Amino acid sequence: MNKSRRTTTYAHYGVLIILSLVTLLPVLWVMLSSFKPQSELFRIPLTFIPQEWTLENYVSSLKAGNFPIYFSNTVWVAVVSTALTVLINVMAGYALAKYVFVGRNAIFTIMIATLMIPLQVIMIPIFLQLKQLGMLNTLWGIIIPPAATPTGVFLARQYLVTLPDSLIEATRIDGAREATIFFRLILPMSKPIVATIAIFSFMWRWNDYLWPLIVITDNRKQTIQQALANFVGQLQINWSDLLAMTTIAIIPVILVFLTFQRFFFSGIAAGSVKG
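In this note's numbering, the protein residues as written are 40 to 314.
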């Protein structure tokens, strides 16, 4: 690598590092400020790193209301929703990629077209359907409706198109059933796209506020996003406790992304190919 090319590469890395720091700055400020006492938050000049570290904000926030229950509700909704979303979307993507049947392309086109329909348009019909099924005010009412997503099916289908048909045919010749092929061959070979769908699904479900607000009325069944919104009072806001709650809400998303990040980029790249 010559000197000019090396300089250009270092410059690109420098710009990316600066942009990353700018993007992460608000998140770092929230996390560090959650360890500040209330008096330091409004001290002029503002401090980025706490001058006086305290865990009292976390202690008081965990004792406030039913926050541990909200947190466990959100963990249950996010984990179960993610598992169902991965299973359903990869199954649908596998069928659209490897099975030949009449109307396959039409189904795929219609499914992609649903990406243009916002949730607000279909919210009332879904709500009425959940009411008929008796799933209102239950965590399953949050989990079931968004289990199948057109984005997930699209990514799964585009990735599975790249897998060799000869390998699947050889497995069928050996006498393997379709369920065995899917769970013991297709899923292990689809780790990148599974991780990609899992990250997207977990983030969507964990950060979702509108749909749980519509479905859930029981205070003990609310999610963490509702808890954060309810913690903001009309006349007074305890910013120290709110920042501590926000930090607790951010940590699971970061952990999930760090766990699956090595598959994430390869899954996005493979899912974007033309099938």
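Each residue gets a CB set at the ideal place from its N, CA and C atoms; glycine is no exception. The structure displayed is predicted, hence computed values, not measured ones.
6 angstroms Cβ shell around residue i - same chain, five flanking residues per side excluded
i    : result
V233 : V125
A131 : V192
CB contact flag (residue i, residue j, <8 angstroms)
i    : j    : result
Q264 : D247 : yes
F129 : L224 : Residue identity check: residue 129 is Val in the sequence provided, not Phe. Contact flag unset, no.
F166 : I253 : yes
K137 : I57  : no
T153 : S240 : no
P189 : I151 : yes
I290 : V66  : no
A218 : F299 : no
Proximal residues to residue i (C-beta, below 7 angstroms), its chain only, five neighbours per side dropped
i    : result
A283 : S73, N96, Y97 and S100
Contacts around residue i, its chain only, beta-carbon distance under 8 angstroms, and the 5 residues preceding and following it disregarded
i    : result
A50  : none
P89  : L71, S72, F74, K75 and E79
L158 : L249 and W250
Nearest-angstrom Cα separation, counted from residue j out to residue i
i    : j    : result
N269 : F106 : 11 angstroms
G310 : F140 : Bear in mind that the predicted position of G310 carries a pLDDT of just 48, short of 50, making it too unreliable to give a figure here.
L178 : I163 : 18 angstroms
Y133 : L194 : 11 angstroms
G53  : L123 : 40 angstroms
W278 : K102 : 15 angstroms
Nearest-angstrom beta carbon gap, residue j and residue i [assumed within contact, 8 angstroms]
i    : j    : result
T113 : T262 : 4 angstroms
A117 : R244 : 4 angstroms
L255 : N176 : Just to set this straight, residue 255 is Ile in the shown sequence, not Leu. Indeed they touch by this definition, with Cβ atoms about 6 angstroms apart.
V292 : M242 : 6 angstroms
L135 : R211 : Actually they are not in contact, since the Cβ atoms of L135 and R211 sit about 18 angstroms apart, beyond 8 angstroms.
Tell me the start and end of each unbroken alpha helix (DSSP H) in the region 178-231 that is at least 4 residues and wholly inside, in chain order.
-> 178-182, 189-199, 204-212 and 217-220
List in chain order: all unbroken beta strand (DSSP E) runs of 3+ residues lying wholly within the region 75-107.
-> none
Just list the beta strand (DSSP E) runs in the region 282-306, keeping only unbroken ones of 3 residues or longer that don't cross its boundaries, in chain order.
-> none
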